[in-house]
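Asker: Please find one structure pasted underneath; my questions will follow.
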């Protein structure tokens, strides 16, 4: 599958797009708001995408989970979940160097501590185990990338650990759901909104 120019900018390690920064504010249903800086060349530049917000507001999080935000971008999902669940241990990673730089900036600006690593998918987390993996997968990257997110997840999950993915059901989400069912033996949709769904599988 070929990558369009916008996609190349955020799913490569070194974006080549002109560097710009825009500030955004995430407003949650509970009334709390969080501020982020977003750089060009990173997914959802200058905005909070609807899928990420839906995952943030409906993710199932244990009080003391070790949580991995996989493909974290500038950090909106993981950082917000940490602010809303202060006793979790947050880990984040992305292949995009610019994304990681701003994930670190946003973590600092939001006064949270996180283990933030550069690398593709699970490569930075060899032999490490999490209670929760959350991801807004890069559907445009093609089948091999998002299959790998699902297929390799059980190796990085504790017993009863959760993989939680968000996607537009008619733009790859239905396929994600089928793969999650095949790999984990279970999957459920926890929320639907405007064609977007959150899919959850549990390691049994």
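Residue numbers (the numbering used here): 3 to 206. Backbone N, C-alpha and C fix where the C-beta goes; we use that ideal spot for every residue, glycine too. These numbers come from a predicted model, not from an experiment.
Enumerate, from N- to C-terminal direction, the unbroken alpha helix (DSSP H) stretches of 4 or more residues contained entirely within the region 165-200.
Answerer: Complete alpha helix (DSSP H) runs here, min 4: 175-186.
Asker: Roughly how many whole angstroms lie between the Cα atoms of residue 22 and residue 41?
Answerer: Approximately 6 Å between the Cα atoms of the pair.
Asker: When you compare the CB positions of residue 73 and residue 137, do they come within less than 7 Å of one another, or not?
Answerer: Taking 7 Å as the Cβ cut-off, residue 73 and residue 137 qualify as a contacting pair.
Asker: Secondary structure at residue 38, three-state DSSP: helix, strand or coil?
Answerer: Residue 38: strand per DSSP, three-state reduction.
Asker: Should residue 82 be labelled buried (16 or more other beta-carbon atoms within 10 Å of its own) or exposed?
Answerer: It counts as buried.
Asker: Buried or exposed: where does residue 35 fall if 16 or more other Cβ atoms within 10 Å of its Cβ makes it buried?
Answerer: Burial call: exposed.
Asker: Please list, in chain order, all residues of the same chain as residue 122 whose beta carbon is under 6 Å from its beta carbon, the five residues on each side excluded.
Answerer: Contacts found: 97.
Asker: Using the beta-carbon count (16 or more within 10 Å), is residue 168 buried or exposed?
Answerer: Looking at its Cβ environment, which holds 16 or more other Cβ atoms inside 10 Å, residue 168 is buried.
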